[in-house]
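Report on one structure; see the data block that follows.
Protein chains: 2
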Amino acid sequence: MTTAPPPITLDDVRAAAARLHGIAHRTPVLRSRTLDALVGAETLLKCENFQRIGAFKFRGAYHAASRLTPEQRARGIAAYSSGNHAQAVALAARELGTSAVIVMPEDTPRSKRAATEALGAEIVTYDRYTGDRAAIAEALAAARGLTLIPPYEHPDVIAGQGTAALELLEDEGEVGALVVPVGGGGLIAGSATAAKGLHPGIRVVGVEPEAGDDTRRSLAEGRRVTVPMPRTIADGQAIDTPGELTFSVNRRLVDAIALVTDDEIRAAMRFAFERLKIVIEPSGATPLAALLAGHVPDLPDRVGVILSGGNIDTDRFARLCADGD
Amino acid sequence: MTTAPPPITLDDVRAAAARLHGIAHRTPVLRSRTLDALVGAETLLKCENFQRIGAFKFRGAYHAASRLTPEQRARGIAAYSSGNHAQAVALAARELGTSAVIVMPEDTPRSKRAATEALGAEIVTYDRYTGDRAAIAEALAAARGLTLIPPYEHPDVIAGQGTAALELLEDEGEVGALVVPVGGGGLIAGSATAAKGLHPGIRVVGVEPEAGDDTRRSLAEGRRVTVPMPRTIADGQAIDTPGELTFSVNRRLVDAIALVTDDEIRAAMRFAFERLKIVIEPSGATPLAALLAGHVPDLPDRVGVILSGGNIDTDRFARLCADGD
């Protein structure tokens, strides 16, 4: 059996970082003595909730869109997304002077839909539990001559997402482990490529909601497994099967997957609010939830965390916190 | 009429900064394109919600406590506070190896009382609307031989509070105006001393809740005016008269006072949550509220803001946001 070359490398992530320089924010790394004491390790929080559009997704979307040909750019771009990738593509389109059409679930949180429209994108909706978003978006792109920017199944998207981990390690030096949320697997694929490219010994730990453990099962079985469509408060991770491209990266580079319950996610969001004074959305809170609940195996002395996003409105935040009491 | 020398100077603030170096956090300065567009000025947010104990108060409390004699330190310290000064004194005592007794209103938010106790302080409560907190604390200090660290009426406290503005201006250069919350007046007195010491042309604008405009009235009348005890969500500014020492500074250095309603404060807290992804308590939100509501007179192109604190629990935040809908 021959081993195919990896679809992206550290050099690809570095090239993405160069394109994003001055356009994406170099987000801050927060730390907290209280958190370190509770986790039992020095914990470095890469705050992608402070990224443009409030999530890491802008990195991958802008990087991919910036590499289109002038002809593609003139016709416009399309995307499908449960939320943050939508805003990311809308903002990337605006920054690059092109248009965007976004296919979005009907039950997308109000703040995410409004923010996407405010960025000038056209919205097309579908039912998350019955529709096939990829097929809808592909048909739309074909009919209008648009270029589809997928949320994770593209090397340029994955390389862009990896720049958050690259910045964290450049700014803070080596860590023993990097803990990253897993939805479709693009963020962790890029993060793992950057991390293991810089320091091969870093353990890369993904975190999924318990209801949507498709990547954990897939890694255990060595093939892509589909689970029932997860119902979880972590809407950015409501995905039933790993991406083909992302899984091909993650099966080589991801060391472990931790699972968290919705209640553990709520507790992590409250902790971030009350102690760290920052807002993180449910999907963005999963790595913190895993650390606070003691679910990260073989915890080293120093751990990096990607807090992937902070897009949640105050009404939903209040409801989630009340439900969890 | 002769003019007395100012009770504190820029050099005092610089000396306080040297003592706080490596002990207080040098908090980050956040900015937001969305905010700049809404305000109509480049807006630099000095995030004291990320300070130790979640508010600027640690600066003044630690600075004052660090200057006690060994004999005073051995006997312990006392304080009265509506919340953040309590935690600040408790943490300062712990850091300096002494004990703290805190006189606190009975209706102090749960999170603030719990955090103070967790830092090892003893709590003594009183009724905010009938008790005289200063008298209670002074009697307690006299009986037990403790040194009282007042929340604002002390040159060492004021100099410590001024270090946040000093850092902001050192890190970001000159601004046209500095917008600062006003409670007892210690933060703005220290901020104005630092700001006008560095750049005499900076306009210093204080912000009070509409229900508690004692400093605005006092500056207008040229003497300390007492108002009915304010009932406002901005509990850190529920003070009925300016301090004598702080007013002697502020009457020289403060250019204007803006007033904000509780609804404007709620809107600013929601904006900070949803767009900036940060948590600010009602008092800490008043400068942002004044800017978003267009209440800051003669707004320059570049404005500095002290976001003074972020201590609010999720339950109270949810209630405040729901009330405001």
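Going down the list, the protein sequences come from chains A and B. So the mapping is simple: the working numbering equals the position in the first sequence, first residue as 1, plus 10. So the mapping is simple: the working numbering equals the position in the second sequence, first residue as 1, plus 10. Glycine included, each C-beta is placed from N, C-alpha and C at the ideal position.
query, result
"Taking only beta carbons into account, state which residues of the segment 270–299 of chain B come closer than 7 Å to chain A, listed in chain order.", "ARG280, PHE283, GLU284, LYS287, ILE288 and VAL289"
"Whose C-alpha, out of B:ASP308, B:ASP272, B:ASP46 and B:ASP311, is nearest the C-alpha of PRO292 (chain B)?", "B:ASP272"
"So the beta strand (DSSP E) ILE87 (chain A) belongs to, where does it begin and stop?", "87–90"
"Could you spell out the range, first to last residue, of the alpha helix (DSSP H) harbouring ILE146 (chain A)?", "143–154"
"Excluding five sequence neighbours on each side, which residues of the same chain lie with their C-beta closer than 6 Å to the C-beta of ALA51 (chain A)?", "LEU309, ASP311 and VAL313"
"Beta-carbon of GLY320 (chain A) versus every beta-carbon of chain B: anything under 8 Å?", "yes"
"Taking the C-alpha atoms as reference points, what is the distance between ALA306 (chain B) and VAL215 (chain B)?", "Residue identity differs from the one stated: residue 306 (chain B) is Val in this sequence, not Ala. Computed Cα separation, rounded: 7 Å."
"Using Cβ-Cβ distances below 9 Å, what residues of the segment 56–81 of chain B are close to chain A?", "CYS57, ASN59, PHE60, ARG62 and GLY64"
"Of the choices B:LEU179, B:ILE288 and B:ASP46, whose alpha-carbon is the least far from that of VAL23 (chain B)?", "B:LEU179"
"Taking buried to mean at least 16 other C-beta atoms within 10 Å of its own C-beta, is ALA175 (chain A) buried or exposed?", "buried"
"Taking ARG43 (chain B) as the reference, which of A:ALA34, A:LEU40, A:THR108 and A:ILE290 has the closest Cα?", "A:ALA34"
"Measure the C-alpha to C-alpha separation of LEU330 (chain A) and ILE243 (chain A) and round it to an integer number of angstroms.", "8 Å"
"Chain A beta carbons: is any one of them nearer than 8 Å to that of ALA34 (chain B)?", "no"
"Can you say whether TYR139 (chain B) is buried or exposed, counting buried as having 16 or more other CB atoms within 10 angstroms of its CB?", "exposed"
"Quick one: is THR341 (chain B) near chain A, going by C-beta distance under 8 Å?", "Residue coverage of chain B in this structure runs from 11 to 335, which leaves residue 341 (chain B) outside it and unanswerable."
"Give the list of continuous alpha helix (DSSP H) stretches no shorter than 4 residues that lie fully inside the segment 38–87 of chain A.", "43–49, 67–76 and 80–85"
"Below 6 Å CB to CB, which residues in the same chain sit around ILE249 (chain B) once its five sequence neighbours on both sides are set aside?", "GLY193 and GLY194"
"Does the CB of ASP323 (chain A) have a neighbour CB from chain B at under 8 Å?", "yes"
"Going by C-alpha to C-alpha distance, which of B:SER109, B:ALA145, B:GLY141 and B:ALA98 sits closest to LYS122 (chain B)?", "B:ALA98"
"From PRO161 (chain A) to LEU197 (chain A), what does the alpha carbon distance come to, in whole angstroms?", "10 Å"
"In terms of alpha-carbon separation, which member of A:ALA169, A:ARG262, A:ILE290 and A:ARG285 lies closest to ALA26 (chain A)?", "A:ALA169"
"Sorted by chain position, which residues of the same chain lie with C-beta nearer than 8 Å to ASP137 (chain A)'s C-beta, five sequence neighbours on each side aside?", "PRO115 and GLU116"
"Going straight from the alpha carbon of GLU218 (chain A) to that of ALA102 (chain A), what length do you get?", "27 Å"
"CB THR251 (chain B) to CB THR236 (chain B), shorter than 8 Å?", "yes"
"Go to GLY172 (chain A), then tell me how far its alpha helix (DSSP H) extends in each direction, as first and last residue.", "165–182"
"Just to confirm my understanding: we take LEU301 (chain A), look at its own chain, exclude 5 residues before and 5 after, and list those with CB closer than 6 Å. What are they?", "VAL49"
"Which of the three DSSP states, helix, strand or coil, is assigned to LEU129 (chain B)?", "coil"
"Please list the residues of the segment 212–238 of chain A that have a C-beta atom closer than 8 Å to any C-beta atom in chain B, keeping them in chain order.", "none"
"Determine whether the Cβ of ALA47 (chain A) lies closer than 8 Å to any Cβ atom of chain B.", "no"
"Going along the chain, which residues of its own chain have a beta-carbon closer than 7 Å to the beta-carbon of ARG326 (chain B), five neighbours each way excluded?", "PRO119"
"Apart from the five residues on each side of it in sequence, which residues of its chain come closer than 6 Å, Cβ to Cβ, to MET11 (chain A)?", "In this predicted model, MET11 (chain A) has a pLDDT of only 48, less than 50, meaning its place in the structure is not dependable; the value taken from the coordinates is given anyway. Answer for MET11 (chain A): no residue qualifies."
"Would you say PRO38 (chain A) lies against chain B (beta-carbon separation less than 8 Å)?", "yes"
"Closer than 8 Å, CB to CB, is ALA100 (chain A) near chain B or not?", "no"
"Please report the straight-line C-alpha distance between ALA65 (chain B) and ALA153 (chain B), rounded to a whole angstrom.", "30 Å"
"Could you have a look at ALA202 (chain A) and say whether DSSP puts it in helix, strand or coil?", "helix"
"Quick check: the Cα distance between LEU269 (chain B) and ILE316 (chain B), rounded to an integer number of angstroms?", "16 Å"
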